[in-house]
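Worksheet: the structure to be examined is printed underneath.
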Amino acid sequence: MSLRTPQATSRTPQFVPRKRRGAELILLAVALVICIGAYCAVGIGVEGRVPAFVYKLAAGLVGAALVTHLIVRWVAPYADPVLLPTVITLNGLGLAMIYRIDLANLENDGPDADTLATQQLIWTALGIALFVVVIIVVRDHRKLQAMTYTFGLAAIALLLLPLVPGLGKDINGARIWIGLGPFSFQPGEFAKICLALFFAGYLVVKRDALALAGRRILGIDLPRGRDLGPILLAWLFSLGVLVFETDLGSSLLFFGLFVVLLYVATERPGWLVVGSLLFGAGAYVGYLAFSHVRFRVDGWLHPFADPDANYQIIQAMYGMANGGLLGSGLGQGSPDITPFSYSDFIIASMGEELGLAGLMAILLMYGLIVERGLRVALVCRDGFGKLLATGLAVSITLQVFVVVGGVTRLIPLTGLTTPFLSYGGSSILANWVIIALLLRISDQSRRPAPAVVELEQDDATQVVKIR
Amino acid sequence: MNRPIRIMAIGCLVLFFALLMNANYLQFVSADSLNARNGNKRVIDEEYSRDRGAILVEGKPIAQSVPSDDEYRYQRRYPEPELYADLTGFYSYTFGRSALESSQNPILSGSDNRLFVNRVIDLIGSRQPKGGSISLTLDRKAQEAAAAGLRGLGSDATGAVVALEPSTGAVLAMVNQPSYDPNRLAGHDFGQVSDAWKQLTKSDAQPMLNRTTQLTLPPGSTFKMVTAAAAMSELGLKPDSMVDAGTTLSFPGISYTLRNEGGSDCGGERITLSQALAVSCNVTFGGLAEKVGAAKLAEQADAFGFGEDYLDELPFAPSRVTSDSSVELDAPQTAQTGIGQFEVAATPLQMAMVTSAIANDGGLMTPYTVASVRSPDLEVLESADPEQLSQATTSTVAQGLQEMMVETVDNGTAASAAISGIDVGGKTGTAQSTPDRPPYAWFTAFAPADDPRVAVAVLVESTSTTRSEISGGGLAGPIAKAVMEAVLG
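So, in structure tokens, the structure goes:
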């Protein structure tokens, strides 16, 4: 693909186009067994019996899986067979855990307690519907490239929405929500996709200018000042998200996404260095300037210095420690002690009840999604698709790393949803769109190359008739 | 663009690998230390829902878990709460645990490594894990006699009794007055528990203080046993050696003089060491302490266990000879130390240890309260193995001291402990503290003299008795006698 390194093309894996839809169907069956089994285990663990509605739920899940499978078979027959079953498994496990927390809340607070499983079920259904719409409507991802700047503007608009007075809502200290009637919505989840589309479209056009024009300083190829502009703009923008929306996680996610795509597009490792330095500087200034950043860092380094302020992370750690290697079993731990055990901290709930084994399985599933996504990028035949697939895969990695790392105290805690597991409509919808796009690109790239009609070699001089 | 994509793929793998490693660290490596942290509600909840093992005295539970129909499934009960509170301690959801409930928690809760196999079997059988039980060394009759003795002083009297088996160090009785009811802290009505806690911790009588092991007070004349031991070892004195006595002990160049209680002359200017102990002669032991020297005296006290923490399973305060061993005592201070005043402070357990070591021919045994530990299926996991803490004196010196203590009971101040037909050795003490409060009455004894089976120490901290009637022999002696009789049957 690259203009500068023609030999890279020859290293593209020789790909034998195969549909593998049968494999997908078998994996889907396994996924459904896990999800429905998890629901039954929750019922048995908490109430001692299989939940009465499990047949309806099973029917719904099987139906949803079959619909997605058939749609993919129809409109994207060469799509990657592993992504869909993995995502269904994660989504189903998340549903089971949210149902489990509901049961605990009902037990603690009586019949008036908040229950979220039904809503999450509706969001999942909507997510799958959106997945179907996207994969049917977007028949060729390259058409999206035409709307590069539209997506860019959309991303900015979505990110600014929470700052609009009257529309934006401050929930738990972060101003990343908008309220529409009874619904709360996190536009950042969709901004993530729009940004990935924008970055991919922008960089695939500018990559040569960014890569070739510029000076070499200390072994690093630095681009021209005017090419640097958008990058600094992205940096400032992500800092703005940090400052005005007090959202560390999203800010890290957006900036990381941009730097990685810049590097992939230009093949200049210098960008990673520049990006890391800018991020480091931003983070340090943020640490000095904002008390909430300092608070998070202190809570990460010394959680037990202030057990009341760091109650959440401490309870998450206690829960996971109590789960140990094999976990307490679904419905048999106390994940509900941890605040937000159904959303930001759902991974701690998983660790407690499914144990280290279950948590590692979940992490490996995320790893699988990401690596399959990057494989799609590798075999993709167009630059835009490559960048978009890379961007989507990397955004999942960054998001999982930031939220799981935060919950397990590997890095300071920042609020982000755990893809497919966490409670939250915007997150579920946006992540199903990401999977639809990845499947679309993979279908395009795994499909047999269109037959190239060899022109007959003819040394004869062309005759040009002039009349 | 494939090279950077491959590098990014490796980068993503590295991030996931970091998450996996960290999860292993959190859930495996640091899990035990996190589970052991105070205030870990999950572990507490789990423990409170478990069939906790019993604490037994002579086969009867003094602490046990009985099924309850609330969310915690079990309720901790103490059938004889006040009699054994200082041993069992309390087991509270809100305020944690104390005494044996705390120190024996791994066994009682079932988390001890020796119960690992039981836990695995319970896991396979999907049964709730149970805790193991512990049997104490206590003698029920001695314990009851001690409690009755303290009750006899009046309900507002405070005091403590501890009895040991000299040959092993097993604790036979350990009683405090006032005591408290740990049932009030073990309840599941947390409002009531909290009220009880406030009341118990704010009370001036300090009902939750284990006086036998935590309260250090001047031992007064009972400390003369230590001074006598030091004098016999250092100066080669025997019970019939003649020593200086008289009405006063004066120090050159200092106006202070040390006097005997009641202004007596102890029976002459020169008397036998045995007589000096029998009449508890301050002048003699003050003078001996000076002759032996503060350093040697402290050394002897240390050999009897002063300054050491020898009891792991209960809250404990070490006893002391001086508050700061680096400060050298002058002559009057040394003399006062020799009669158990100045800065000497000992717990009743410590004074029982001194008597016990003398009774055991100088061998000081480490005290213990747990006789055996059993798994939930009653298999004995561990039986106590008596250990010698130190050789406090030579056996000759110890036998001389035994002889003199028997003399003190037969013809001296400790007559109130005499048991007909049995040779008893004893020593009284009446210690001054501050002038504005009545003195402490001490009594320590052992019996029978030829084959000691019990050593006891009694402290009466305060009573409503008029000041002039407070003496070790009068108040504390009869209690010591009753405890010894209970042990000897």
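In the order they appear, the protein sequences are chains C and V.
With my numbering applied, the first sequence corresponds to residues 428 to 894, in that order.
With my numbering applied, the second sequence corresponds to residues 9 to 497, in that order.
Don't be surprised by glycine CBs; every beta carbon is placed ideally from N, CA and C.
Just so it is clear, the structure is predicted and the values come from calculations on it, not from any experiment.
Whose CA, out of 492/V, 482/V, 484/V, 465/V, lies closest to the CA of residue 170/V? 465/V
Who are the neighbours of residue 35/V on chain C, taking C-beta pairs under 8 Å? 747, 748, 750, 751, 752, 778, 782, 783, 786
DSSP state of residue 295/V mapped onto helix, strand, coil: helix
Inter-residue CB distance, residue 456/V and residue 418/V (contact presumed, cutoff 8 Å): At roughly 13 Å, the Cβ-Cβ gap does not stay under 8 Å, so residue 456/V and residue 418/V are not in contact.
Could you pull out every residue in the same chain whose Cβ sits closer than 7 Å to the Cβ of residue 525/C, ignoring the five residues on either side in sequence? 543, 544, 547, 769, 850
Specify, as a first and last residue, the run of the beta strand (DSSP E) that residue 259/V falls within. 256-259
Counting only beta-carbon separations shorter than 7 Å, does residue 431/C have a partner in chain V? The predicted position of residue 431/C is uncertain, since its pLDDT is 48 and thus under 50; no value can be drawn from it.
Secondary structure at residue 717/C, three-state DSSP: helix, strand or coil? coil
Among 454/C, 531/C, 473/C, which residue has its Cα nearest to the Cα of residue 516/C? 454/C
Buried or exposed, going by whether 16 or more other CB atoms sit within 10 Å of the CB of residue 78/V? exposed
When you compare each of 190/V, 54/V, 71/V, 463/V to residue 62/V by their alpha carbons, which one comes out closest? 71/V
Contacting positions in the stretch 795-815 of chain C - beta carbon closer than 7 Å to chain V: Taking 7 Å as the cut-off between beta carbons, the residues of the stretch 795-815 of chain C near chain V are 797, 798, 801, 804, 805, 810, 813, in sequence order.
Just the chain A side, please: which residues come within less than 9 Å of residue 563/C by C-beta, in chain order? Protein chains in the displayed structure are C and V, and chain A is not among them.
Under 7 Å between C-beta atoms, does residue 530/C make it to chain V? Taking Cβ atoms only, chain V never reaches closer than 7 Å to residue 530/C, which makes this a no.
DSSP three-state call for residue 847/C: helix, strand or coil? coil
Any idea what DSSP makes of residue 43/V, helix, strand or coil? helix
At which residues does the alpha helix (DSSP H) containing residue 59/V begin and terminate? Looking at the DSSP string, residue 59/V is not in any alpha helix (DSSP H), and its letter there is neither H nor E.
What are the uninterrupted segments assigned as beta strand (DSSP E) that are 3 or more residues long and contained completely in the stretch 313-384 of chain V, given in chain order? 371-373, 378-382
Can you find at least 3 beta carbon pairs, one from the stretch 340-359 of chain V and one from the stretch 292-307 of chain V, that sit closer than 8 Å? yes
Here's a check: name, in chain order, each residue in its chain whose Cβ is nearer than 6 Å to the Cβ of residue 84/V, leaving out the five neighbours to either side. Taken in chain order, the residues that qualify are 73, 99, 194.
Just the C-alpha distance for residue 324/V and residue 317/V, rounded to the nearest angstrom, thanks. 7 Å
Tell me which residues of the stretch 115-135 of chain V have at least one Cβ-Cβ distance to chain C shorter than 7 Å, keeping chain order. Taking 7 Å as the Cβ-Cβ cut-off, the stretch 115-135 of chain V has no residue approaching chain C.
Check the Cβ-Cβ distances between residue 694/C and every residue of chain V, and say whether any is below 7 Å. yes
With C-beta atoms as the reference, is residue 504/C less than 7 Å away from residue 873/C? no
Would you check if the distance between the CB atom of residue 217/V and the CB atom of residue 188/V is smaller than 7 Å? no
How many whole angstroms separate the CB atoms of residue 817/C and residue 804/C, which I take to be in contact at a CB cut-off of 8 Å? 4 Å
May I ask which residues mark the beginning and end of the beta strand (DSSP E) holding residue 75/V? 68-75
For residue 81/V, decide whether its Cβ has a neighbour in chain C, counting only Cβ atoms nearer than 7 Å. Chain C contact via Cβ: absent.
If you follow the alpha helix (DSSP H) that residue 184/V is part of, which residue opens it and which one closes it? Counting along the chain, residue 184/V falls outside any alpha helix (DSSP H), though it belongs to the beta strand (DSSP E) covering 179-185.
Does residue 738/C get closer than 7 Å to chain V when you measure Cβ to Cβ? no
Run the CB neighbour count on residue 256/V, radius 10 Å, all protein chains shown included, and call it buried at 16 or more, exposed below. exposed
How about residue 863/C and residue 626/C: are their beta carbons less than 7 Å apart? no
Return the Cβ separation of residue 575/C and residue 796/C in integer angstroms, given the expectation that the two are a contact with Cβ distance under 8 Å. With a Cβ gap of about 25 Å, residue 575/C and residue 796/C do not count as contacting.
Among residues of its own chain, excluding the 5 on either side of residue 200/V, which ones have a beta-carbon nearer than 8 Å to its beta-carbon? Here residue 200/V has 192 as same chain residues with Cβ atoms under 8 Å from its own Cβ, once five neighbours each way along the sequence are excluded.
Keeping to the same chain, check which residues put their C-beta closer than 7 Å to that of residue 551/C; ignore five residues upstream and five downstream. 518, 522, 855
Presumed contact (8 Å Cβ cut-off) between residue 281/V and residue 260/V, rounded CB distance: Contact flag wrong, Cβ pair sits at about 24 Å.
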